[in-house]
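S.K.: Basically our numbering = 1-based index in the sequence shown + 17.
No residue lacks a Cβ here, since even glycine has one placed at the ideal position from N, Cα and C.
Keep in mind it's a predicted model, so treat the numbers as computed, not measured.
Pasting in a structure now, in structure tokens, and then I'll have a few things to ask.
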Amino acid sequence: MGLLITAKELSNQQACHVFDCSFSLTDPAAGRAQYDNGHIPGAHYADLDRDLSAEAGREGRHPLPGREQFAERLRAFGVNRDSTIICYDQNVGAYAARLWWMIRWLGHEDVYVLDGGIQAWQAEGLPITTTSVAASRGNFAIRDPLTRVRNADELLETNSTLIDAREENRYLGLEEPIDPIAGHIPGAVCAPFIENLNDGLFQKPAELRARFKDLIPDNQFSNELICYCGSGVTATHNILALMLAGFEEPALYPGSWSGWITDPDRPIATGQ
């Protein structure tokens, strides 16, 4: 099962399909600019807004595209049914994890996140380039999903354990720099995705397991775990971290907070 790959391991790969997913929610053009200024040789640029999301609306700021639509995008990038796929971003892995999750959503298991992103690559003294690569059409094929997806109605009707990946002040409703309403889904546990990392790299599996055990009451681990965030992006970082920790793969609520608040009848919580 593909989870993480180190920069050294990637440098020794004989053949793989690499994607640079660098992005900034506050400056959507910044990711492409970073790619143009230097990326891992052979990497294609996958844009969160253009390549990894459908049009924003009632399902949130970054709703999932159709599975066939996304598969066709991968084929255009030259991805084949037997490709080994590596996803990275500028550093923390949140956008890379979104692509990693989406590829698993199409049933493809041979996919990894580069631990530490391009910063880790450069820290090893490995080369970068400003040269983009052309792609020949691939034959990527959709299979049964390896992931699970939950919608807002299912969240209202379940005893599942919700895990919110946003920083604590947004969870508490003290500030909301992106969405029009502050707060969190009632009953959710706050587990900021950035705390899965130590010096820019994922914590060790035992450390991650201890982190989530401290955050989630023991009696709630028997429930289905469902991850969400602001728009279904950083939640995938928590999914990856929970799997690294040895837990069963959680489900994703793709609409997340930005989708939840489009219906004024849905409850909103603030504070602890």
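#1: From this set, E85, A50, S41 and Q51, which residue's C-alpha is nearest D66's C-alpha?
#2: DSSP beta-bridge partners for G155?
#3: Just how far apart, CA to CA, sit E85 and L179?
#4: Mark D170 as exposed unless 16 or more other C-beta atoms lie within 10 angstroms of its C-beta, in which case mark it buried.
#5: Please report how far the alpha carbon of W138 lies from the alpha carbon of N213, in whole angstroms.
#6: Determine, using beta carbons only, whether E185 and P209 come nearer to each other than 8 Å.
#7: Quick one: Cα of F219 to Cα of I233, how far?
#8: Among A114, R154 and S239, which has the Cα closest to the Cα of I211?
#9: Whose C-alpha, out of G55, A158 and L257, is nearest the C-alpha of L116?
#10: Would you kindly report the start and end of the unbroken alpha helix (DSSP H) that includes D231?
#11: Determine the DSSP secondary structure at D132, reduced to helix, strand or coil.
#12: Applying the 10 Å Cβ sphere with the 16-neighbour rule, what's the burial state of A24?
#13: When you compare each of T253, L173 and N236 to D280 by their alpha carbons, which one comes out closest?
#14: Count the CB pairs spanning the stretch 76-94 and the stretch 139-151 that are closer than 8 Å, and state whether there are at least three.
#15: Given I120, which residues of its chain have a CB within under 7 Å of its CB, disregarding the five upstream and five downstream residues?
#16: If you drop the 5 nearest sequence neighbours on each side, which residues of the same chain put their C-beta closer than 6 Å to that of R75?
M.R.: Once the coordinates are examined:
#1: S41
#2: The partner list for G155 (beta bridge, DSSP) is empty, contrary to what the question assumes.
#3: 28 Å
#4: So D170 counts as exposed.
#5: 19 Å
#6: Yes. Within cutoff.
#7: 19 Å
#8: A114
#9: L257
#10: P222 to L232
#11: Coil.
#12: The residue is buried, with at least 16 neighbouring Cβ atoms inside 10 Å.
#13: L173
#14: Taking 8 Å as the limit for Cβ pairs, the verdict is that the stretch 139-151 does not touch the stretch 76-94.
#15: Residues I102 and V128 of the same chain have their beta carbon placed closer than 7 Å to that of I120, with the five preceding and five following residues left out of the count.
#16: A distance below 6 Å between beta-carbons, with the five flanking residues on each side excluded, links R75 to the following residues of its chain, in chain order: T279.
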